[in-house]
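To start, the structure under review is shown below, and the notes come after it.
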Amino acid sequence: MATLGQDVRAELPGGVMLSGRALALDPHGALIVRDEDGERHTVSAGDVVHLRPQE
0 MATLGQDVRA ELPGGVMLSG RALALDPHGA LIVRDEDGER HTVSAGDVVH
50 LRPQE
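Residue numbering for the sequence shown follows numbering that gives the first Met the number 0, beginning at 0 and increasing consecutively.
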């Protein structure tokens, strides 16, 4: 999956935004994202976009 290892932003239900690095998929297919504080989040529903590297 091209998303893994990339910086992403996810808009979650309720309008919550999550930015971080896409690490893996869990056994149920949810995306695991590590935020800038190192906390891991499981994203099972939401819109995910790839972030472009800053130059």
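The C-beta atom is built at its ideal place from N, Cα and C for all residues, glycine as well.
For residue j and residue i, the rounded distance between their alpha carbons
i, j, result
"Arg-33", "Ala-44", "16 angstroms"
"Gly-37", "Ala-23", "14 angstroms"
"His-49", "Pro-26", "22 angstroms"
"Gln-5", "Pro-52", "9 angstroms"
"Arg-39", "Pro-12", "18 angstroms"
Beta-carbon spacing of residue i, residue j below 9 angstroms
i, j, result
"Ala-9", "Val-47", "yes"
8 angstroms CB neighbourhood of residue i in its chain, flanking five on each side removed
i, result
"Met-16", "Arg-8, Ala-9, Glu-10"
Spatial neighbours of residue i in its chain, beta-carbon cut-off 6 angstroms, leaving aside the 5 residues before and after
i, result
"Ser-18", "Arg-8"
Chain-order list of residues whose beta-carbon lies under 7 angstroms from that of residue i (same chain, five-residue window excluded)
i, result
"Ala-29", "Thr-41, Val-42, Ser-43"
Pick from the options that is closest to residue i, judged by C-alpha positions
i, options, result
"Leu-3", "Arg-20, Gly-14, Gly-13", "Arg-20"
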